[in-house]
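Scroll down for the structure; my scribbles are underneath it.
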Amino acid sequence: MTDSKYFTTTKKGEIFELKAELNSDKKEKKKEAVKKVIASMTVGKDVSALFPDVVNCMQTDNLELKKLVYLYLMNYAKSQPDMAIMAVNTFVKDCEDPNPLIRALAVRTMGCIRVDKITEYLCEPLRKCLKDEDPYVRKTAAVCVAKLHDINAQLVEDQGFLDTLKDLISDSNPMVVANAVAALSEIAESHPNSNLLDLNPQTINKLLTALNECTEWGQIFILDCLANYTPRDDRESQSICERVTPRLSHANSAVVLSAVKVLMKFMEMLPKDLDYYGTLLKKLAPPLVTLLSAEPELQYVALRNINLIVQRRPEILKHEMKVFFVKYNDPIYVKLEKLDIMIRLASQANIAQVLAELKEYATEVDVDFVRKAVRAIGRCAIKVEQSAERCVSTLLDLIQTKVNYVVQEAIVVIKDIFRKYPNKYESVIATLCENLDSLDEPEARAAMIWIVGEYAERIDNADELLESFLEGFHDESTQVQLQLLTAIVKLFLKKPTETQELVQQVLSLATQDSDNPDLRDRGYIYWRLLSTDPVAAKEVVLAEKPLISEETDLIEPTLLEELICHIGTLASVYHKPPSAFVEGSRGVQHKRLPGSAGSGESVESPDTGSAAGVSDAPPAVIPSQGDLLGDLLNLDLTPPTTTGPPPPATSGMQLGAMDLLGGGLDSLPPIPLRTDTPQSPQIPHQSPSPPDYSPTEVGPVDHTGPVKLGGDLGGSSTMGAGFGAPPAAPAASFSAPVSGGLDDLFDLGGGVGMPMGAYSPPKTVWLPAMKGKGLEISGTFARRAGVIQMEMTLTNKAMSIMTDFAIQFNRNSFGLAPAGPLQVLTPLSPNQSIEVTLPLNTVGPVMKMDPLNNLQVAVKNNIDVFYFSCQYPISMLFVEDGKMERQVFLATWKDISNDNEAQFQIKDCHLSSDAASNKLQGSNIFTIAKRTVDGQDMLYQSTKLSNGIWVLAELRVQTGNPTFTVCLKCRAPEVSQCVFQSYDAVLKN
Amino acid sequence: MINSLFLISHSGDIFLEKHWKSVISRSVCDYFLEAKEKAGDPENVAPVLQTPHHYLISIYRGKLFFLSVTQTEVPPLFVIEFLHRVADTFQDYFGDCSEVLIKENTVTVYELLEEMLDNGFPLATESNVLKEMIRPPTILRSVVNTLTGGSNVGGTLPTGQLSNVPWRRAGVKYTNNEAYFDVIEEIDAILDKSGTTVFAEIQGVIEACVKLTGMPDLTLSFMNPRLLDDVSFHPCVRFKRWESEHVLSFIPPDGNFRLMSYHVSSQNLVAIPVYVKQNISFLETGSCGRLDITIGPKQTMGKTVESLTVTIPMPKSVLSVNLTATQGTCTFDLTTKVVFWDVGKLNPQKLPNLRGSISIQTGAPKPEENPSINIDMKIQQLAISGLKVSRLDMYGEKYKPFKGVKYVTKAGKFQVRT
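Laid out in structure tokens, this is it:
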């Protein structure tokens, strides 16, 4: 009695037979019939025509029959939605069954029926099941929410199931917790910005508790979820690590790898001198080794991940070289991966062993593997200098085997060895030349030709050798042709007397007979070089070549960091970030390793290091609010120059002056009126008044300009002194006379409708040189043409050159992240400063900071990694399309409850309402309507943040009263304070 | 998570499919079949494949491919582990994991798959729990079922699912209470031409068969637990006790299960039980070669080496061999070019030897590669790492169980290069 009999019924009319049996009165016959139907379905036959008959069998107390019918329903309900409705009643009834197994089964099956009409009926039973007294039902219901969300996301949100699911994270039963986490993780994937899995120390604690008790699969979900958390400090990070470490001994390799991910990530935050850090490193090695004795498929995934881990932390596995030795019967995909890791781990200590192994592999059967092994020998030579000689002799031995592909591969790598160690191993050239005829692959031919050209002076018959290649010039691949051209030119420059004919031949072949533009162009270049200046040609062609680097295939560090956060996922197998291949990259967030903020490597911040654990005290480098918003500082608009070293405050001054005088400047060429054209100020900074400007006091627009201007306008003699110095105190003296005597001028500027730039605070010192090992960073933020920019001045106050700058942000409230790498192209010499502009975007990971506009930054250079915090003006995030429709504004204003209203006062602001409106508009705060009541102007304004939060404002300006009142309404009231600060800052500069 | 599962025979025939979310057309398997075609040997098919809309993650077990389809980023190890668990379950239920048996039990298979995964999330993968819900088919039961109209599906809630010992079912009763432990060790080793060890490690597992009434709490202690480099445990083992006292303390699942697996690696010296003296050479001229292999005991701790076999995959150009063995039988498979020598017991007084000539296709060049010799063997009553169980204590129940420990050492991937 087996089920294979069900497979035999393939004859026509079988459906009719089954139909009859399904409608039979005998229970046993019915069941047999359903079994037959299921069997047909399993092998992909279409038995959907039997839908009504099968559904009829559903009303039964026989559990097996019920289950079978459910199986059928799940498969075919989609194609028969109207019929599926018939089943709803039974489901609803089963959800009330006293037996929890049946309740769970019903809610589980209902979720699998992907028919919209049914989902409506599912809501009530699901709600009950989520609160069921039996944990088995609750855990099944948790998964059902994810199913429902997949079918109808809106419905799930409207019904509040997400909140219930969040509550289940605190459930008393670990299995329920695990399933809730799994469901939430899956839902979160389609909602990148929703804070569904809002991790805080309390939830983390609950997850860690559940981790110990739930099933192996639940542990994977929980560990993957934990990996997304960023601990507050190193102490929390250590305690999580301690509680995760036991998972490394789990029999399930997926649990092990997920645990490795959490540990690798959180380890970043641990100080390296901590004992625990060393212990953890030691604990990581054995489980990774054990993964390699599992089934080959598991080994493969493990190896791909180990490849990443070895690049990030080579110390973990440095003593475990032997486990990566290739076994004869490993599948080829495992062999190739092992080889890769062997090379990464190769060092002086183990190179002898590695070489012996590689030599062994070079005689194996599989061609791909042999080739890679030969290549690996070359890479060892380049990586471990002491072994180079031995590698070369091994390669020579291999060449002696005369196995064609081995020889070719060996020649390709020997070329690289020549590049790395010039003038050391040229004695082997003779042996190589013997094999010239057997080379048939372009890469090997090109390598050989390169060698002949490069060492033409030592090879007696170099011209003959190259000439022999020239015969079939047009049949060669481009690679070989290009190499041949260069080699012959080299030869000519070395032995001009004998090879004139040859070089002419190759030049004419390349330039006249070839259709390949690359080849032709190179030919012409050589030709002209040779004909105009042979000495220059020699310098160009025979120039000293830069040494090749050790490791050519290392993963780029930022990508590596991201991949480390994705250990155990598909990304780690492909070595690509998920955004590169997950379909539509929906919900993909770039993950970053946490920086060891406050402690760890940055030993020079002992104040925060010792205060670790109490994270409330912000590091001393944060500029205090007062510094940023102090009334006196805000004269500076924006420093538009990205080149040249003018002190930022002064270059801002120019613009201040221009704006002031905007009304009278029509006659002038369009000098920097707009701040969003940073390249415009091309005026030489130190030049005296250019003659083409009118010789009045308005003319000169360079440094000295405003000095004269200031003097003329306000007669303040302190002005000149003020500009070179830090902007704090002297600037005040400028703002005072301006506001006092030039109100009309301001109005004029405003009235003309001059677009004013967005407000940007002056640069402040973020990282003092003392804490940056000589690197001083000062900077500010600006919004230019819709792009948020971070503008920094990097000053090297140390004695040595600084290079390799890179920057990274911690997660922050608005997801600010660098839109590109930090562009510091030239090394920074001692006492040199450089201005850097870093464009930012707002698609980074989000975490609420306190204060809201706080940003933690890590800057790396060749010396160390430095951390500092700074605060950005929130006005930077105001987007250009923040103007609300009048009607919408009205409705929204009414809609937002009065609890979310905040009122602030701006004192000492001598602007008219129009001027204020104009100024604010420059920072993307838009006036929608204006009303005048009893001599008081009411401006209704809207602005929108980059993350879509709208802020509505009412600004009251009483003529003659320097105190403005601003009233802010927003659905997210926590931003109000920041927005007010921006108002204050924008209006007062 | 896991969307669908396809079972594909090694010839490329898709004979079973199961979808946990929406149905994915089986045409998605074409990508896999193409990769399989390319790989030649079914064992060389890469386990993770990418297609325009899906990811295919597969394992190869018992001449079958278990191919799962996922649409989102999932941990591949999670999928692979799960697929192996599916295969294990089939083996457990049907005695073997083969196409014929799966077809014979297709409805049970379908029911099992439904219980094991819900919406792509694993649901019940413990064999104890599954067996409570879906009874494994036995001849007796199917006869009874036919007579009484009974069913294979249990009507009770899988109680284990809810307790804090989900792996053990409640109310277990036996008349004979017994607990057996098998310590099984496999040596993976690579020896080079001269017989020196290039690499050697021991993979050990302790398989348990526990049939005890009630809720017994067991403690297993070793004479020398510090020998073990890396251990991984069945979820039932209390990790804290292992860390502090190096004893295994656990409430066992009912029936057969793997208590722990461990790893003794190159850091400790690994004893190599046999040595191989070999000489395989191909003459530079003429189409023949010579083979001479002698095997002798090395570090066997006084135990006998049994079931000794030698497998030598010859180069493809080898036409035939003419070998004589002093002991056992030697065969040569003409299609796979594999020499297989079944030696049997290793007698230290009279060492087995295999020698003779190899003939190569006329005109074919001297083979480039050297064949490697793969050894398989078994040593009873010995754990080659030296691991010894010292005692087993039981708490929580009153009766006296019958206890037993068995040791066996096998060759894993034991390879000699020539």
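As they're listed, the protein sequences go chains A and B.
In terms of the numbering used here, the first sequence has 292 at position 289, counting the first letter as 1, and numbering is strictly consecutive.
In terms of the numbering used here, the second sequence has 741 at position 378, counting the first letter as 1, and numbering is strictly consecutive.
In this text, a Cβ means the ideal position worked out from N, Cα and C, and glycines have one as well.
This one's a predicted model, so the numbers in the text were calculated from it and none came from an experiment.
Residue i burial status per 10 Å Cβ neighbour count (16 or more: buried)
i: Gly601 of chain A; result: Because the pLDDT at Gly601 of chain A is just 40, under 50, the model does not fix this residue reliably, and the value given afterwards should be weighed accordingly. Gly601 of chain A comes out buried.
i: Phe765 of chain B; result: exposed
i: Lys427 of chain A; result: exposed
i: Arg307 of chain A; result: buried
i: Glu467 of chain A; result: exposed
i: Glu300 of chain A; result: buried
i: Val432 of chain B; result: buried
i: Pro520 of chain A; result: exposed
i: Tyr758 of chain B; result: exposed
i: Leu545 of chain A; result: exposed
i: Val790 of chain A; result: exposed
Cross-strand partners of residue i (DSSP beta bridge)
i: Arg718 of chain B; result: B:Asp655 and B:Thr687
i: Pro821 of chain A; result: A:Leu843
i: His253 of chain A; result: B:Phe596
i: Val395 of chain A; result: DSSP lists no partner for Val395 of chain A.
i: Gly786 of chain A; result: Note that residue 786 of chain A is Arg in the sequence shown here, rather than Gly. According to DSSP, which records beta bridges pairwise, Arg786 of chain A is partnered with A:Ile791.
i: Met788 of chain B; result: Since the first residue of chain B shown is 364 and the last is 781, residue 788 of chain B is not available in this structure.
i: Gln413 of chain B; result: B:Tyr418
i: Cys693 of chain B; result: B:Trp704
i: Gln958 of chain A; result: Position check: residue 958 of chain A holds Leu in this sequence, whereas Gln was assumed. DSSP lists A:Leu942 and A:Val969 as partners of Leu958 of chain A.
i: Gln484 of chain A; result: Gln484 of chain A pairs with nothing; no bridge assigned.
Run of the alpha helix (DSSP H) containing residue i, from where it starts to where it stops
i: Ala563 of chain B; result: Unbroken run through Ala563 of chain B is the beta strand (DSSP E), Thr560 to Lys574; no alpha helix (DSSP H).
i: Trp220 of chain A; result: Glu219 to Leu229
i: Pro204 of chain A; result: Pro204 to Glu216
i: Asp739 of chain B; result: From DSSP, Asp739 of chain B is part of no alpha helix (DSSP H) but of the beta strand (DSSP E) over Ile736 to Gln743.
N- and C-terminal bounds of the beta strand (DSSP E) containing residue i
i: Arg235 of chain A; result: No beta strand (DSSP E) contains Arg235 of chain A, which DSSP labels as neither H nor E.
i: Lys773 of chain B; result: Phe765 to Val779
i: Leu583 of chain B; result: Asp580 to Phe585
i: Pro676 of chain B; result: Val668 to Pro676
i: Phe645 of chain B; result: Val637 to Phe645
i: Arg934 of chain A; result: Phe929 to Val936
i: His382 of chain B; result: Ile377 to His382
i: Lys341 of chain A; result: Element bounds for Lys341 of chain A: not the beta strand (DSSP E) but the alpha helix (DSSP H), Ile335 to Leu348.
i: Asp545 of chain B; result: Glu541 to Leu554
i: Val627 of chain B; result: Gly618 to Val627
i: Tyr870 of chain A; result: Val868 to Gln874
i: Glu904 of chain A; result: Glu904 to Ile909
CB-CB length for residue i against residue j, believed under 8 Å
i: Val391 of chain B; j: Val546 of chain B; result: About 44 Å; that fails the 8 Å criterion.
i: Ile736 of chain B; j: Gln662 of chain B; result: So it is not a contact: roughly 19 Å between Cβ atoms.
i: Val839 of chain A; j: Leu797 of chain A; result: 6 Å
Closer than 9 Å to chain E by CB, residue i
i: His626 of chain B; result: Among the chains of the structure shown, chain E does not appear; the protein chains present are A and B.
Validate contact between the segment 915-927 of chain A and the segment 374-393 of chain B using beta carbons, cut 8 Å, 3 pairs: no
At least three beta-carbon pairs within less than 8 Å, the segment 379-389 of chain B to the segment 475-485 of chain B: yes
Validate contact between the segment 445-454 of chain A and the segment 414-425 of chain A using beta carbons, cut 8 Å, 3 pairs: yes
Cβ contact (3+ pairs, closer than 8 Å) linking the segment 177-196 of chain A and the segment 146-160 of chain A: yes
Touch test, the segment 336-355 of chain A against the segment 422-442 of chain B, Cβ-Cβ under 8 Å, three pairs minimum: no
Cβ pair count under 8 Å reaching 3, the segment 250-257 of chain A against the segment 593-604 of chain B: yes
Three or more C-beta pairs below 8 Å linking the segment 647-659 of chain B and the segment 610-628 of chain B: no
Validate contact between the segment 810-823 of chain A and the segment 773-781 of chain A using beta carbons, cut 8 Å, 3 pairs: no
Inter-stretch contact at 8 Å, needing at least 3 Cβ pairs: the segment 723-735 of chain B / the segment 684-698 of chain B: no
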